[in-house]
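Residue numbers (the UniProt record's numbering): 1 to 173. Heads up, the beta-carbon is just placed ideally off N, CA and C, and yes, glycines get one too. All figures in this text were calculated on a predicted structure; none of them were measured in a lab. Report on the following structure.
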C-alpha cells in the first residue's frame, strides 16, 4: 500500500528523456501575453471575479522574465482606473464591489508600471483607513469579514503608497 511507505520518496510523474530540460520562457510569455485576448472565452468570463489579481500575477511573471513590454500597458491602466469606486476602493473587475484584496493588486500593478497617479490615491487611503477596526484588524470590504489576510493587504497597500501614517500601525501589528 503506497500510503504506508512513509518517508520514502516516490515519483508520481515519469518525465520522458526527450522532454525539454530548460524552462521555455518564451512559451510562457506567449501564453500570458495572449491570455484575455479573446474576451468571450468561457475561461476569461468565468475568471472575472479575480481579474485584478490575475493581471497582477501575470504581470509579475512577465516582468520577472523580462517581457513586461509585451503587455498592453495602456489597456491595463485604463482597466484599473475603471475599477476604482467613488469610495476609493478598487474592485476585481468592472461592475464588482470594491475589496481590499483587489485594491492591493491594483496598487501593486500601478507600482510595477510606476503609474500610481492613474487612481485617486487619497481616496484609496481613506478607503483602507475606513476598513480598520477598533482592535486594529481590517475588514475586506463594507460587509465586514475580518481575517489576517486583510491586515496584510491594508498594510501593503499603504506601504506601497507611502501612507502608513494613515492607520494605527501599532494596533494593526
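What did DSSP end up calling residue i once you bin it into helix, strand or coil?
i: residue 154; result: helix
i: residue 132; result: strand
i: residue 139; result: strand
i: residue 116; result: helix
i: residue 84; result: strand
i: residue 105; result: helix
i: residue 34; result: helix
Have a look at residue i and residue j and give me their C-alpha separation to the nearest angstrom.
i: residue 93; j: residue 17; result: 43 Å
i: residue 40; j: residue 90; result: 23 Å
i: residue 152; j: residue 23; result: 32 Å
i: residue 81; j: residue 12; result: 45 Å
i: residue 110; j: residue 19; result: 38 Å
i: residue 150; j: residue 43; result: 27 Å
i: residue 96; j: residue 169; result: 29 Å
i: residue 142; j: residue 14; result: 49 Å
Measure from the alpha carbon of residue i to the alpha carbon of each residue in the options, then state which is nearest.
i: residue 48; options: 110, 152, 79, 116; result: 79
i: residue 135; options: 146, 71, 141; result: 146
i: residue 77; options: 55, 37, 149, 87; result: 55
i: residue 176; options: 170, 35, 82; result: The structure shown has nothing for residue 176, since the chain only spans 1 to 173.
i: residue 52; options: 106, 45, 10, 165; result: 106
i: residue 163; options: 116, 133, 144; result: 116
i: residue 32; options: 155, 65, 21; result: 65
i: residue 112; options: 143, 141, 138, 67; result: 67
i: residue 155; options: 104, 10, 72, 7; result: 104
i: residue 172; options: 119, 138, 142, 14; result: 138
i: residue 123; options: 143, 132, 84; result: 84
i: residue 26; options: 45, 102, 61, 50; result: 61
Assuming residue i and residue j form a contact by the criterion Cβ under 8 Å, report the distance between their Cβ atoms to the nearest whole angstrom.
i: residue 100; j: residue 121; result: In fact, because the Cβ distance is near 16 Å, the residues do not count as touching under 8 Å.
Ordered along the chain, which non-local residues of its own chain (more than five positions away) have a Cβ less than 8 Å from that of residue i?
i: residue 125; result: 88, 158, 161, 163, 166
i: residue 133; result: 139, 146
Apart from the five residues just before and just after residue i, which ones in its own chain have a Cβ nearer than 6 Å to its Cβ?
i: residue 108; result: 56
Could you pull out every residue in the same chain whose Cβ sits closer than 7 Å to the Cβ of residue i, ignoring the five residues on either side in sequence?
i: residue 118; result: 77, 80, 81, 110
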